[in-house]
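Beneath this line is the structure, given in structure tokens, with notes to follow.
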Amino acid sequence: MSASERMKMAAGEWYTCIDDELEAQRFAARDAVFEHNSLPPRHRGNIGPALRALLGGAGEGARIEAPFHCAYGFNVFLCDGVFLNSGCIILDTAPVRIGKGTLLGPNVQIYCAEHHREATGRLAGLEIAKPVTIGDNAWVGGSAVILAGVSIGEGAIVGAGAVVTRDVAANTTVVGNPARVVTPR
Numbered sequence: 731m732s733a734s735e736r737m738k739m740a741a742g743e744w745y746t747c748i749d750d751e752l753e754a755q756r757f758a759a760r761d762a763v764f765e766h767n768s769l770p771p772r773h774r775g776n777i778g779p780a781l782r783a784l785l786g787g788a789g790e791g792a793r794i795e796a797p798f799h800c801a802y803g804f805n806v807f808l809c810d811g812v813f814l815n816s817g818c819i820i821l822d823t824a825p826v827r828i829g830k831g832t833l834l835g836p837n838v839q840i841y842c843a844e845h846h847r848e849a850t851g852r853l854a855g856l857e858i859a860k861p862v863t864i865g866d867n868a869w870v871g872g873s874a875v876i877l878a879g880v881s882i883g884e885g886a887i888v889g890a891g892a893v894v895t896r897d898v899a900a901n902t903t904v905v906g907n908p909a910r911v912v913t914p915r
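Take 731 as the starting number for the sequence shown in the working numbering and just add one per residue.
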């Protein structure tokens, strides 16, 4: 029996995102995200019930401001006290783990999928999923982009608008496109 596309995605193998099972899971995530994004103003920041049930994990005091978007949800793991500001996008084709007390500014984007380098592969929907990990007490500034396979260490700071293509060491500040170290803290 051949592996399903979801199994290939989870194993970090090339898979096609043009797949009925994956599409159904993306629609389930869209429904949960829609409910979350439609919460009344007095409940903003609280994680909507359907989204909380969909997430891989959400620790005590974890908050997500609307609007928010994720691809699947089941690969998103938020530790205690995590805060995602408005406009965050997490394309969680692989696990995204965000450590306790970490703050993500507005419009931060985390992408776990890499598309095939050849046009024929891209047209066929071929992707490979790589996890993203952000350590405890990190701070990711607004509109930063974190690419597939990146780990950001504990206490690190990612400046606003940075594009993070490589791992960031603990207690380090990076800025720019591509992100570069400006000073260890």
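We put the beta carbon where it would ideally sit given N, CA and C, even for glycine.
Exposure label - E735; buried when at least 16 CB within 10 Å: buried
Three CB pairs or more closer than 8 Å across the segment 750 to 757 and the segment 768 to 783: no
Minimum length 4: unbroken alpha helix (DSSP H) runs contained in the segment 738 to 786: 750 to 767, 779 to 784
A909 in three-state terms, based on DSSP: coil
Neighbourhood of G891 by C-beta, 6 Å cutoff - its chain only, sequence neighbours within 5 removed: S873
Option nearest A909 by Cα separation, candidates A849, I876, G885, L781: I876
Whole-angstrom distance between I887 and V905, CA atom to CA atom: 9 Å
Pairwise C-alpha distance: M737 and F798: 26 Å
Rounded C-alpha distance that separates E751 from A762: 17 Å
Alpha-carbon spacing of D749 relative to E857, whole angstroms: 12 Å
Span of the beta strand (DSSP E), counted from its first residue to its last, around T863: 862 to 864
N-terminal and C-terminal residue of the beta strand (DSSP E) that A824 is part of: No beta strand (DSSP E) holds A824; DSSP gives it neither H nor E.
Where E884 sits in the DSSP three-state scheme: coil
Assigned secondary structure, V877 (DSSP; H/G/I helix, E/B strand, else coil): Looking at the sequence provided, one finds Leu at residue 877 rather than Val. Three-state result, L877: coil.
E848, DSSP secondary structure in three states: coil
Host beta strand (DSSP E) of E857 (start-end): 856 to 859
Buried versus exposed, by CB contacts within 10 Å (16 or more), G787: exposed
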